[in-house]
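Asks: Note that my numbering has the sequence shown beginning at 808, numbered continuously upward. A virtual CB, placed ideally from N, CA and C, is assigned to each residue, including glycine. Please read these numbers as outputs of a predicted model, since none were measured by experiment.
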Amino acid sequence: MKRFFVLILVGLLTIFLLGCVQKYNKENNNSLKDEPGIIGYIMSKKDGRILVVNPDASGSDDGEYYEAIWFSNAPEDIGVGEKVKVWYSILQESYPAQSEVEHLEVIPSQKPEGANLTEAEALSKALLSLENKPDVLLTVRSIEYDQDFNIWNIQLKDVYGGELVTITVDDSDQTAFSSLGGIRLGDSFEDVIKILGKEYKKVDRIDYSGSIGEDMIVLEFSKGIEVILGKESNKVIMVVSHSPDFETDLGVNVGDRAKVVFEKYKPRFAEVKSRHGDETLTGWFHLGNEQVMVFDFNKADQVRTNENVIPDSTVQEIVLAYWKHFD
């Protein structure tokens, strides 16, 4: 009988210890999953993938090594310049490596006192200026805002060559970067004539709906672009291009494919949501300060909202305007 109780006691002790081990393993595995696989900046975005590069180097026999991974399955609403935490499992060895996003968190970007841009927006503009160097792999060394001169000094490092690159970004109002055919919203009549010339037809337009707040003057240029100004303010409130001769500040013009539009605009700007629901207006982008850029892929339907857009859809009209002027 005594031996029987001893066996029971040993069995219970074994079960207890096994449970402790299983609990430890479970907690240990969960703690590992709590840590992201990489923390870094999104340095590029193309074909639905994002390139995340860790700004902190690790030592190796060959010198400094910067972890860099191309991720598929990335959220569409994140852009170049954002700092993120990414969780992943399987890693395909290459450099940069390749993997798939299991979970991603955006680290909130700071906006220094007096600045118009956030750190992410400033970095995005710096990287945009280097788009003609697609084979260079860059990592961030520093991002600093100089309030005295209203500029950002962004230092990047070429991972392959080791060279340091310093980019200066103007922190002026974001709308200064948004233009169509060289014309910006808020430009004067004189500014328009200086850029587009004097070959235009002038048409008066009454603000019957009251949505604009003033009557308008429409300048119809024979080159294929219209500029609409407020009659009282004498300031540009809308620009409409029908011609491939006039491009946006990001280099998109009539005749370009939807794929080109989305590759250049989606990483940097959020798509507009309809005022009448949660529907995303494909091809409409918020530029900041209530400005929108609209790419119309089907003028024949006589509405600027787009349906059934595919990568090869062609831009037929581009509009730069204030969001408040659309119903």
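#1: Could you spell out the range, first to last residue, of the alpha helix (DSSP H) harbouring Lys932?
#2: Grouping DSSP H, G and I as helix and E and B as strand, with all else coil, what is Ala875?
#3: Going along the chain, which unbroken runs of the beta strand (DSSP E) with 3 or more residues stay wholly within the segment 938-1003?
#4: Just reading off the alpha helix (DSSP H) that Tyr1072 is part of, what are its end residues?
#5: I'd like to check one pair, Asn880 with Val859: are the Cβ atoms closer than 9 Å?
#6: Following the continuous beta strand (DSSP E) through His910, name the residue where it begins and the one where it ends.
#7: Return the CA-CA distance between Arg1099 and Ala1107, expressed in angstroms with no decimal places.
#8: List the whole-angstrom C-beta distance separating Ile1032 from Gly988, where the pair is believed to meet the contact cut-off of C-beta under 8 Å.
#9: Might you give, ordered along the chain, the residues of its own chain that have their beta carbon closer than 7 Å to the beta carbon of Thr1112, omitting 5 neighbours on each side?
#10: Just curious, the beta strand (DSSP E) that Glu1033 is in, first and last residue?
#11: Tell me, please, which residues DSSP counts as bridged to Leu898.
#12: Just the C-alpha distance for Pro843 and Ser916, rounded to the nearest angstrom, thanks.
#13: Would you kindly work out how many angstroms separate the C-alpha atoms of Gly1090 and Phe1102, rounded to a whole number?
#14: Against chain C, does Lys964 count as a neighbour if the rule is that its beta carbon must be under 9 Å from one of theirs?
#15: Decide yes or no for the touch test of the segment 914-929 against the segment 884-897: beta carbon pairs closer than 8 Å, at least 3 of them.
#16: State the CB to CB distance for the pair Glu771 and Glu997, rounded to an integer number of angstroms; the pair is presumed to be in contact (CB under 8 Å).
#17: Quick check: what's the CA-CA separation for Leu963 versus Glu1097?
#18: Only counting the same chain, and skipping five residues up and downstream in sequence, which positions put a Cβ closer than 7 Å to that of Ala932?
#19: Judging by CA-CA distance, which residue of Val943, Leu971, Arg1012 and Arg991 is the nearest neighbour of Gly1037?
#20: Would DSSP call Lys1106 helix, strand or coil?
#21: From Tyr1072 to Glu900, what does the alpha carbon distance come to, in whole angstroms?
#22: Pull up the distance between the alpha-carbon of Ser838 and that of Trp894, whole angstroms please.
#23: From which residue to which residue does the beta strand (DSSP E) around Lys1008 run?
#24: Count the other CB atoms within 10 Å of the CB of Leu898; is the residue buried (16 or more) or exposed (fewer)?
#25: Out of Ile849, Leu945, Phe1069 and Ile857, point me to the one whose CA is closest to Glu926's CA.
#26: On the DSSP bridge list, what partners appear for Trp1091?
#27: Give me the residue from Asp953, Ser1081, Leu992 and Phe1069 with the minimum Cα distance to Ile974.
Replies: Inspection of the coordinates gives the following:
#1: Glu926 to Leu935
#2: strand
#3: 945-953, 958-965 and 971-977
#4: Ala1065 to Tyr1072
#5: no
#6: His910 to Ile914
#7: Position check: residue 1099 holds Val in this sequence, whereas Arg was assumed. When rounded, the distance between both Cα atoms is 22 Å.
#8: 5 Å
#9: Leu1088
#10: Ile1032 to Gly1037
#11: Ser906
#12: 18 Å
#13: 5 Å
#14: Among the chains in the structure shown there is no chain C, since it carries only a single protein chain.
#15: yes
#16: Nothing can be reported for residue 771, as the shown portion of the chain is limited to 808 through 1134.
#17: 31 Å
#18: Residue identity differs from the one stated: residue 932 is Lys in this sequence, not Ala. For Lys932, where only same-chain residues beyond five positions count, the Cβ hits under 7 Å are Val976.
#19: Arg1012
#20: helix
#21: 30 Å
#22: A caution first: Ser838 carries a pLDDT of 37, below 50, which makes its placement in the model unreliable, though a value can still be read off. Their backbone Cα atoms lie some 13 Å apart in a straight line.
#23: Tyr1007 to Arg1012
#24: exposed
#25: Ile849
#26: Val1101
#27: Asp953
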